[in-house]
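To start, the structure itself, in structure tokens.
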Amino acid sequence: MEELPSPVVLHILSRLPDPSDLAWCRLTSTSLRALTYQVPSLSFLCESADGRRGSFKPRVAGALSGILSLRSLSLSVRVDRAAEEEEDDVDDADDLHLTATRFLATWVPAAGGRGLGSLAISDYWVQSCWRKSDALSLISLHCGNLQDLMVKNAWLSVDGLRPMLKLTTLTLEFIRLDDENLDKVNECFPSLEVLNLIGVGGLKEPKIHLPRLKVCQWTVSNFPLSLTIHAPNLIKLQLKCVEPKTLVLETPLLSTLDLKTKKLGGIVNEGGLHNLKSVRLESPYLRSLVELFVSNESVNSLELEVTEGIELEDILETVTNMDLVSAFPNMENLKLESRAWLNLGRSFIRRGIGREPNWRNLKQLKVHLPPSEFEITYVSSVLNLCAPFCKVILLIHGDASFATRRNIISRCTSSFPEVLWKWGVWKEAHER
1 MEELPSPVVL HILSRLPDPS DLAWCRLTST SLRALTYQVP SLSFLCESAD GRRGSFKPRV
61 AGALSGILSL RSLSLSVRVD RAAEEEEDDV DDADDLHLTA TRFLATWVPA AGGRGLGSLA
121 ISDYWVQSCW RKSDALSLIS LHCGNLQDLM VKNAWLSVDG LRPMLKLTTL TLEFIRLDDE
181 NLDKVNECFP SLEVLNLIGV GGLKEPKIHL PRLKVCQWTV SNFPLSLTIH APNLIKLQLK
241 CVEPKTLVLE TPLLSTLDLK TKKLGGIVNE GGLHNLKSVR LESPYLRSLV ELFVSNESVN
301 SLELEVTEGI ELEDILETVT NMDLVSAFPN MENLKLESRA WLNLGRSFIR RGIGREPNWR
361 NLKQLKVHLP PSEFEITYVS SVLNLCAPFC KVILLIHGDA SFATRRNIIS RCTSSFPEVL
421 WKWGVWKEAH ER
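Throughout the sequence shown, residue numbering follows the UniProt record's numbering, covering 1 to 432 in sequence.
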């Protein structure tokens, strides 16, 4: 390896998953030893079932000692799920408690002071869930140049948290956070452009108030009565929540909204959502959610789904064509997931087409056909609303037999020869 160019060697060293590997390289030769102290990026991983796990934290601290050019660091624990099922929910040991203040104090002051720009720590939940950590305070004290911070699987205190003016990306995932209204997050991370709050518990009436925020992914794990987002530069929002009474959106530049909720009492937006272009809605009460969007003329792309977990027969309300046209009169692209397709189709069967308005601007319709028996009447009802030359993409469920797929294609193309058809296959775990 000594014969390789230095940049290549540094790249190899940065990909070593075990801190012991870096230590061994330091014993190999003088030249290689020198390069181990110049590595710009490290990503250390410990398996929860590793027999050497008890020495992981000391090995990490030893490997990081003396590195002068570290810009990016990732520490994580990979959990053996089979072994975890046999253990208790709480582990009294702390050998893999990566957000432990004592462990962080062994390397954060030195690494942070040398210009660390990116830090990711994925803790071991059964050890960290009952131990409150001052990790944020320590990191904010010593890592003034940090731009990207990710912490996962921990209980975090905000006591002593200092402003981090250079931090632009923050990810907190499966975190118990002692900041019930997000006051400290707003105060100490004013430069955030990307915020990911995924499964963050401990919130009561959270309010995001970040003037530079552009992208936000927020999965609310508990049941706050209201959610507020004040972000004048926010462009993209992905929000998953349960049943808040009020969602306050002070986001005049919002362009993309992905909203999944059980039920939402109302949306408050004094300035309107005049820049909204793309909307995805998912709920067991889809019609009630659609009705909250009154005449959003700027929206040109719409995606709908009915949340799983409730039998479609038990859903009393069905979203109608009138609901869609009233809320999104100028939609050009419509995507219907399988349960939303059935929900809309049933409204046609119950109500009939009548004189309902057409989707005059629709250029593309994409449907995930459910694995149930194919209903050509659903297709007929929907296509009668489409504008001429609308492109229709039908994705057939992957479990359907070849004969079933051939039958669907034959019936659609023969019944509507003027339609520009495109075909595909989908599974439940399809990516959006």
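For each residue, glycine too, the CB sits at the ideal point set by N, CA and C.
Only a predicted model underlies this, so the values are computations on that prediction, with no experimental measurement involved.
Simplified DSSP assignment, three categories, for residue i
i           : result
Cys188      : helix
residue 481 : A query on residue 481 cannot be resolved here, the shown segment of the chain reaching from 1 to 432 and no further.
residue 453 : Because the chain is modelled from 1 through 432, residue 453 falls outside the range shown and cannot be assessed.
Phe374      : coil
residue 448 : Outside the modelled stretch of the chain, which goes from 1 to 432, sits residue 448, for which no answer is possible.
Leu336      : strand
Trp341      : helix
Arg114      : coil
Trp130      : coil
Asn321      : helix
His430      : In this prediction, His430 has a pLDDT of 45, which is less than 50 and means its spatial position is unreliable; what the coordinates show is noted afterwards. It is coil, neither helix nor strand.
Asn407      : helix
residue 436 : The question about residue 436 has no answer, for the chain in this structure spans 1 to 432.
Ile67       : coil
Met331      : coil
Val60       : helix
Asp399      : coil
Ser48       : coil
Leu304      : strand
Thr256      : strand
Gly424      : strand
Arg346      : helix
Arg33       : helix
Asp183      : helix
Arg212      : coil
Pair within 8 Å by beta-carbon distance, residue i and residue j
i      : j      : result
Leu210 : Leu237 : no
Ser128 : Ala154 : yes
Arg26  : Ser48  : no
Ser301 : Glu337 : no
Ser226 : Thr261 : no
Pro40  : Arg59  : no
Thr168 : Glu187 : no
Leu259 : Arg280 : yes
Ala63  : Ala105 : no
Own chain, CB closer than 8 Å to residue i, minus 5 neighbours either side, in chain order
i      : result
Asp134 : Thr101, Ser157, Asp159, Gly160
Glu250 : Thr228, Ile229, His230, Ala231, Pro232, Asn269, Glu270, Gly271
Asn145 : Gly112, Gly115, Leu116, Gly117, Lys166
Ala387 : Asn358, Trp359, Arg360, Asn361, Leu362, Lys363
Same chain only: Cβ atoms within 6 Å of residue i, ignoring 5 sequence neighbours per side
i      : result
Phe374 : Ile408
Asn358 : Leu385
His368 : Glu337, Ser338, Leu395, Trp426
Phe56  : Cys46
Phe103 : Lys57
Contact set for residue i: own chain, Cβ-Cβ below 7 Å, skip 5 residues either direction
i      : result
Gly296 : Note on identity: in this sequence residue 296 is Asn, with Gly being the wrong assignment. Only Leu273, Leu276, Ala327, Phe328 meet the Cβ criterion.
Val185 : Asp179
Ala93  : Gln127
Ala340 : Leu286, Leu304, Glu305, Val306
Residue range of the unbroken alpha helix (DSSP H) whose run includes residue i
i      : result
Cys390 : Where Cys390 is concerned, there is no enclosing alpha helix (DSSP H), given that its DSSP letter is neither H nor E.
His142 : 135–142
Val248 : First-last for Val248: 246–250, but that is the beta strand (DSSP E), not the alpha helix (DSSP H).
Leu237 : Element bounds for Leu237: not the alpha helix (DSSP H) but the beta strand (DSSP E), 236–241.
Thr101 : 101–104
Val290 : 286–290
Given residue i as reference, the closest of the options once Cα atoms are compared
i      : options                        : result
Gly113 : Gly66, Ser414, Thr307, Ser338  : Gly66
Val319 : Leu292, Met164, Pro109         : Leu292
Arg346 : His11, Ser380, Val419          : Ser380
Asp80  : Ser74, Ser137, Gly51           : Gly51
Val325 : Glu317, Leu344, Thr307         : Leu344
Lys245 : Leu234, Pro224, His142, Leu257 : Pro224
Cys216 : Thr256, Gln38, Ser29           : Thr256
Leu138 : Glu173, Leu170, Thr99          : Thr99
Ile175 : Lys391, Leu32, Gly201          : Gly201
Leu172 : Glu428, Ser76, Met150          : Met150
Trp423 : Leu289, Leu4, Lys366           : Lys366
First through last residue of the beta strand (DSSP E) which encompasses residue i
i      : result
Thr219 : 215–220
Leu16  : First-last for Leu16: undefined, no H or E at that position.
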